[in-house]
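Scroll down for the structure; my scribbles are underneath it.
Protein chains: 2
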Amino acid sequence: MNKQPKYRQVADALRREIDSGVYPPGSRLPSEAELSGRFDASRNTVRSGLNMLVSEGLISSSQGLGYEVRKHEVFELNASRFENLTFPQNGDAYSTDVTNAGRHPTQTFRVEVTPATKYVAERLKVERESTAVLRFCHRFVDEVPWSTQATYYPDWLVKEAPRLAEPGDIAEGTTRYLAGIGVEQIGYFDEIAARMPTPDEARLLDIGAGVPVLLWTRTGYSADKVIRCTITTFRGDLNRMNYEIGTLSARQEDDPQ
Amino acid sequence: MNKQPKYRQVADALRREIDSGVYPPGSRLPSEAELSGRFDASRNTVRSGLNMLVSEGLISSSQGLGYEVRKHEVFELNASRFENLTFPQNGDAYSTDVTNAGRHPTQTFRVEVTPATKYVAERLKVERESTAVLRFCHRFVDEVPWSTQATYYPDWLVKEAPRLAEPGDIAEGTTRYLAGIGVEQIGYFDEIAARMPTPDEARLLDIGAGVPVLLWTRTGYSADKVIRCTITTFRGDLNRMNYEIGTLSARQEDDPQ
DNA sequence: TGCATCAGCTTGTACCAACAAGTTGAGCAA
DNA sequence: TTGCTCAACTTGTTGGTACAAGCTGATGCA
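If you're matching them up, the sequences are chains A and B in order. Taking our numbering, the leading residue of the first sequence gets 1, the next gets one more, and so forth. Taking our numbering, the leading residue of the second sequence gets 1001, the next gets one more, and so forth.
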């Protein structure tokens, strides 16, 4: 007889019903008052149970509207193709991928000079607090905030490639621009982590409780130096990263889709 | 004058203090009663604020002990080396990596025959509900639950490689065993996602609120067929995945560490 | 018809009270 | 000294109340 607390029983019961399809994605749950009656619990207790499900990312709530079962449409990011070494396409990949999926991409962009954080300095192999150029992108899909991308370039590189510090877009892509002046990216190092968003990230990506962010750090290097560090934050509930490694084989061809 | 609700003011103030080092990782926060006095708020209001920080993964609480600022020691997983194509080393990589880090690895292991879930069936390219062999690993580092790893092998492959269904360990590693009978893995496809843990996952990995899981799905294929699907779940707060792509360059050599 | 208002629903915030249950250290007993 | 008990702390659970604030559809006025 291991008695669970009542608010947990509420959460478990509702979670089971959501999983089994009683409340399909997009549907509304009964109101707190109704659940309060059904489970013979106070409104506070029911709210505790609902809060668990919110923290798990299973449901979301809005004032005046009620609780809704979250939909999970996942967007695939092909990380190993994203920035092909021989045909660098940089940020363009985002626009093309999104457009191909029949969605509408928009983004805001800004450039600034900023001291490198500890995390960035370690990766760029420069002194902490030494300045770096930050090219920052805030991306949307169908007007929904999707990701933020911050690319840092070390000071010494900006001296060789001054256009990096200019506020405008670089039409041919930064990788190609750098290759043009003799700085060729020959490899990169990816780090992927997950955590709950900071309040800033939650605001920029418009995510509520229960949704983690996927952190993708790509450090690109030339034959002898680190030339950039890109930190991308994605909504964890809307994105999945893919890596294709090894011989491209029948796996692709016999895919019926 | 945008007045924030009181519980949010509590959370923001404490978050700022944690970030600025007033409460360093591992230290204890003042008790609910003390904070209640300091912020001139009821215990419930203070609890709401503290709960926010718990959901963000910044602090954790235990009955009788109080609230503690979470420590973040991250373990690096080198995914591109993990299963080298020419020198397959499979699960061994986990033991060696952990031992090299001066930690103590343990694991439990079991084998079962189970119907493939929709997710697994899609990746193995078999019928939904058709049986697969599941080799399941529950891994610990210094007695702390670290990850679970579930590898599924399709039915047709088990007919050719019967040892896959045997309960015991395969000493030389499954990749090598399969290569020995002519089924060579020539590539794989990785998918990485993040989400909040299910109650089952939270139990197996012993994670509380505010910690997401990192989901890593590796689908391995031979020249003409998919031969396995491995789903690994990690604690998001303790792990980071790395991919090294492109020419191995000076990046490694001039790394002082 | 068209528009504004408002009643009645929803969740959000904030307080109070009481008791359960886990942890620790002081202090007493063997 | 050793070991046990217990008081005094901590957070966890559950109940209650009241009002704020967002949303929707019905009502009624122009």
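Glycine residues also receive a C-beta, built at the ideal position from the N, C-alpha and C atoms. Treat the numbers as computed from the prediction; the structure is a model and nothing was measured.
Taking all protein chains shown into account, do 16 or more other C-beta atoms lie within 10 angstroms of the C-beta of residue i, making it buried, or fewer, making it exposed?
i, result
"residue 1154 (chain B)", "buried"
"residue 322 (chain A)", "Nothing in the structure corresponds to residue 322 (chain A), since chain A is present only between 1 and 257."
"residue 237 (chain A)", "buried"
"residue 1235 (chain B)", "buried"
"residue 215 (chain A)", "buried"
"residue 1119 (chain B)", "exposed"
"residue 1020 (chain B)", "exposed"
"residue 1044 (chain B)", "exposed"
"residue 116 (chain A)", "buried"
"residue 1100 (chain B)", "exposed"
"residue 1146 (chain B)", "buried"
"residue 197 (chain A)", "buried"
"residue 123 (chain A)", "buried"
Residues in the same chain with beta-carbon distance under 6 Å from residue i, minus the five sequence neighbours each way, listed in chain order, please.
i, result
"residue 1041 (chain B)", "1006"
"residue 1245 (chain B)", "none"
"residue 1220 (chain B)", "1185, 1188, 1227, 1228"
"residue 1039 (chain B)", "1010"
"residue 1165 (chain B)", "1133, 1158"
"residue 1084 (chain B)", "In this predicted model, residue 1084 (chain B) has a pLDDT of only 45, less than 50, meaning its place in the structure is not dependable enough to derive any value."
"residue 35 (chain A)", "46"
"residue 230 (chain A)", "151, 218"
"residue 1048 (chain B)", "1007"
Going by beta carbon distance, what residues of the same chain come within less than 8 Å of residue i, once the five residues before and after it are set aside?
i, result
"residue 15 (chain A)", "53, 56, 58"
"residue 181 (chain A)", "160, 161"
"residue 88 (chain A)", "With a pLDDT of 41 at residue 88 (chain A), under the threshold of 50, the modelled position of this residue cannot be trusted; read the value that follows with caution. Around residue 88 (chain A): 173, 175, 176, 179, 185."
"residue 1073 (chain B)", "1238"
"residue 29 (chain A)", "14, 23, 35, 50, 59, 66, 67, 68, 69"
"residue 1223 (chain B)", "1184, 1186"
State the CB to CB distance for the pair residue i and residue j, rounded to an integer number of angstroms; the pair is presumed to be in contact (CB under 8 Å).
i, j, result
"residue 1103 (chain B)", "residue 1142 (chain B)", "5 Å"
"residue 1126 (chain B)", "residue 1160 (chain B)", "Contact doesn't hold; Cβ gap of about 15 Å is too wide."
"residue 66 (chain A)", "residue 31 (chain A)", "6 Å"
"residue 174 (chain A)", "residue 233 (chain A)", "Not a contact, Cβ separation roughly 19 Å."
"residue 1037 (chain B)", "residue 1069 (chain B)", "21 Å between Cβ atoms; not a contact."
"residue 1201 (chain B)", "residue 1217 (chain B)", "Between residue 1217 (chain B) and residue 1201 (chain B) the Cβ distance is about 14 Å, and since that is not below 8 Å, they are no contact."
"residue 1121 (chain B)", "residue 1136 (chain B)", "Not confirmed; about 17 Å, so no contact."
"residue 194 (chain A)", "residue 1212 (chain B)", "5 Å"
"residue 1206 (chain B)", "residue 1109 (chain B)", "That belief does not hold up - the Cβ atoms of residue 1206 (chain B) and residue 1109 (chain B) are roughly 19 Å apart, past 8 Å."
Using three-state DSSP, classify residue i as helix, strand or coil.
i, result
"residue 142 (chain A)", "coil"
"residue 1091 (chain B)", "Only weak support is given to the placement of residue 1091 (chain B): the predicted model assigns it a pLDDT of 49, under 50, and the question is left unresolved by the model."
"residue 1122 (chain B)", "helix"
"residue 1147 (chain B)", "strand"
"residue 113 (chain A)", "strand"
"residue 9 (chain A)", "helix"
"residue 1068 (chain B)", "strand"
"residue 1157 (chain B)", "helix"
"residue 178 (chain A)", "helix"
"residue 1128 (chain B)", "coil"
"residue 49 (chain A)", "helix"
"residue 1029 (chain B)", "coil"
"residue 167 (chain A)", "coil"
"residue 226 (chain A)", "strand"
"residue 36 (chain A)", "helix"
"residue 1199 (chain B)", "helix"
"residue 1043 (chain B)", "helix"
"residue 1017 (chain B)", "helix"
"residue 1097 (chain B)", "helix"
"residue 1162 (chain B)", "helix"
"residue 1079 (chain B)", "helix"
"residue 1054 (chain B)", "helix"
"residue 1238 (chain B)", "coil"
Taking 7 Å as the limit between beta carbons, can you name the residues of its chain near residue i, skipping five residues before and five after?
i, result
"residue 1209 (chain B)", "1054, 1055"
"residue 76 (chain A)", "240, 242"
"residue 24 (chain A)", "69"
"residue 1018 (chain B)", "1058, 1069"
"residue 163 (chain A)", "170, 177"
Looking at the ligand MG, does it come within less than 8 Å of residue i, judged from the CB to the closest heavy atom?
i, result
"residue 132 (chain A)", "Among the ligands in the structure shown, none appear at all, so the ligand MG cannot be discussed."
Output, in sequence order along the chain, the residues in the segment 1197-1222 of chain B whose CB is closer than 7 Å to any CB in chain A. For the segment 1197-1222 of chain B, which is checked against every Cβ of chain A, the residues closer than 7 Å are 1209, 1210, 1212, 1214, 1221.
Along the segment 38-65 of chain A, where does the CB come closer than 7 Å to a CB of chain B? Name the residues. Residues passing the 7 Å Cβ filter: 55, 56, 57.
Anything in the segment 181-195 of chain A with a Cβ closer than 9 Å to a Cβ of chain B? List those residues in chain order, please. Under the 9 Å Cβ criterion, the segment 181-195 of chain A contributes 185, 186, 187, 188, 189, 190, 191, 192, 193, 194, 195.
In chain order, what residues of the segment 1221-1245 of chain B put their CB closer than 9 Å to some CB of chain A? Within the segment 1221-1245 of chain B, those residues whose Cβ lies closer than 9 Å to any Cβ of chain A are, in chain order, 1221, 1222, 1223, 1224, 1225, 1226, 1234, 1236, 1237, 1239, 1240, 1241, 1242, 1243, 1244, 1245.
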